[in-house]
Every structure is written in C-alpha cells, then in structure tokens.
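In our numbering, the protein residues as written are 31 to 212.
Below is the structure:
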C-alpha cells in the first residue's frame, strides 16, 4: 500500500505503527488516520472522520464507507472492526466494536464497546447500541438503547446495495475529480 494523493493527508505514524491504506481507497485530506489502522480496497473515508489507532487497532474492510465526521477507536490492545461492504453514516461513533459484512450504521449512531452488529444488520439513525449488545444478522435495530424493530428485507438489501456501490464508485471519482482550489 502506498499513498497516491497530490495533496497532504492527515495520516500519522504513532509509536512506530503506520496506517496501511489501499491505493484504491479514498481518504479525504480533512480526515485523520492515526497509528494501527488498515483501510481496504475502494473504501471511502469522508472529511472530518477520525480513525484513531493509538490504543488499539482499526480495521476497515473492502468497499466500506466511513462517512464525514465519524469516529472509530478501540480499547488498549483491542480492535474496532468494520467488515466489507459496510456503510457507516455521517457522524457515527464506533468504539471497540465489530461491524459485520454488508451492515449499515445509520447517521449519528453510537456502537459501544464489545457490541457486535451482524451481517446485513441495519442500525437506524441516531441509535445507541450499548456495550456487549448483539445485533443479529439480518435485523434492524433502532432507538436508545437500540432494540429489534424487524427483519431486513430483500428491498432493504437492494436499496442499500445501490448506495454502497455508489460510495465505492465515489472513491475513484474523488481521486480523479476532487481539486483543492484554495
């Protein structure tokens, strides 16, 4: 992995731990990526996002989006994991948790220590998934604290697959079309 950007990014080595970012990923220059962080292929990391791998590690799988103003962090010697094809909506906080493949974390959600969001699970906007909560595969959880609302439908999967693909495409569009003008 190398950096293929024409502008300066806020990517920091911390205590000899250097972020590893796929060449095909896009990390906005106003995002901060610190220490033990891995960002997979065709990922989108938006402006203001903070992936802070100082105490523990951060792992973001392929084709996932960590949108503007999200914060990802882990406890000492532990890992916060985001699977493949995941959307983490604007302003969400993920702390020392595990997000399964194809999951959706709605805008402004909070996923707390040791929580697990399953494969194709959806966490609604503003929800708080409290510590050690398990959101089962294919369930929609909403509220504070988050509780099961319903099963994920085929229509949900179709709609979210469309937007996930758009964010994977956005990586390339940003890499080719984003031009700083001042």
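Ideal Cβ placement from N, Cα and C applies to all residues, glycine included.
Taking residue 123 and residue 90 to be in contact with their CB atoms under 8 Å, please state how far apart those CB atoms are, rounded to whole angstroms.
For the purposes of this step, residue 123 is taken as residue 93 along the chain shown, with counting starting at 1. For the purposes of this step, residue 90 is taken as residue 60 along the chain shown, with counting starting at 1. Actually they are not in contact, since the Cβ atoms of residue 123 and residue 90 sit about 15 Å apart, beyond 8 Å.
In chain order, what residues of the same chain have a beta carbon less than 6 Å from the beta carbon of residue 204, not counting five sequence neighbours either side?
As a first step, residue 204 must be located in the chain shown, where it is residue number 174. Same-chain partners within the cutoff: 56.
Just to confirm, is the Cβ distance from residue 170 to residue 151 under 9 Å?
Position 140 of the chain shown, counting from 1, holds the residue named residue 170. Position 121 of the chain shown, counting from 1, holds the residue named residue 151. Contact: yes.
Name the one or two DSSP bridge partners that residue 50 has.
Taking the chain shown and counting its residues from 1, the one referred to as residue 50 is at position 20. 68, per the DSSP bridge assignment.
Distance, Cα to Cα, residue 176 vs residue 138?
Indexing the chain shown from 1 puts residue 176 at position 146. Indexing the chain shown from 1 puts residue 138 at position 108. Distance between the alpha carbons of residue 176 and residue 138: 13 Å.
Rounded to the nearest angstrom, what separates residue 154 and residue 134 at their Cα positions?
For the purposes of this step, residue 154 is taken as the residue at position 124 of the chain shown. For the purposes of this step, residue 134 is taken as the residue at position 104 of the chain shown. If you take the alpha carbons of residue 154 and residue 134, they lie about 8 Å apart.
Unbroken beta strand (DSSP E) run spanning residue 93, endpoints:
To locate residue 93, count along the chain shown from 1; it is residue 63. It is not in any beta strand (DSSP E) - residue 93 carries neither H nor E in the DSSP assignment.
Residue 141 to residue 125 span [Cα, whole Å]:
Numbered from its first residue, the chain shown carries residue 141 at position 111. Numbered from its first residue, the chain shown carries residue 125 at position 95. One C-alpha to the other measures close to 6 Å.
Could you tell me whether the Cβ atoms of residue 218 and residue 108 are closer together than 9 Å?
A question about residue 218 goes unanswered here, because the residues of the chain that appear run from 31 up to 212.
Taking its Cβ as the centre, do 16 or more other Cβ atoms sit within 10 Å of residue 185, making it buried, or is it exposed?
As a position in the chain shown, residue 185 is number 155, starting the count at 1. Counting Cβ neighbours within 10 Å, residue 185 comes out exposed, since fewer than 16 surround it.
Spatial distance of residue 160 from residue 67 (CA atoms)
By one-based count along the chain shown, residue 160 stands at place 130. By one-based count along the chain shown, residue 67 stands at place 37. Approximately 24 Å between the Cα atoms of the pair.
Simplified DSSP assignment, three categories, for residue 62
Here residue 62 corresponds to residue number 32 of the chain shown, with the count starting at 1. Note: residue 62 maps to strand in three-state DSSP.
Between the C-alpha atoms of residue 113 and residue 101, what's the straight-line distance to the nearest angstrom?
Against the chain shown, residue 113 aligns to sequence position 83. Against the chain shown, residue 101 aligns to sequence position 71. Residue 113 and residue 101: Cα-Cα distance of roughly 16 Å.
Inter-residue spacing [alpha-carbon to alpha-carbon] between residue 88 and residue 71
By 1-based counting over the chain shown, the position of residue 88 is 58. By 1-based counting over the chain shown, the position of residue 71 is 41. About 15 Å.
Of the residues 93, 128 and 178, which one's Cα is nearest the Cα of residue 201?
Position 171 of the chain shown, counting from 1, holds the residue named residue 201. With distances taken between Cα atoms, residue 201 lies closest to 93.
Taking only three categories from DSSP, how would you classify residue 42?
Position 12 of the chain shown, counted from the start, is the residue given in the question as residue 42. DSSP places residue 42 in strand when its eight states are reduced to three.
Would residue 130 and residue 148 be called neighbours here (beta carbons separated by less than 9 Å)?
The residue given as residue 130 occupies position 100 in the chain shown. The residue given as residue 148 occupies position 118 in the chain shown. In this structure, residue 148 lies closer than 9 Å to residue 130 by Cβ.
Is it buried or exposed for residue 132, if we count other Cβ within 10 angstroms and need 16 for buried?
Here residue 132 is taken as the residue at index 102 of the chain shown, counted from 1. Under this definition residue 132 is a buried residue.
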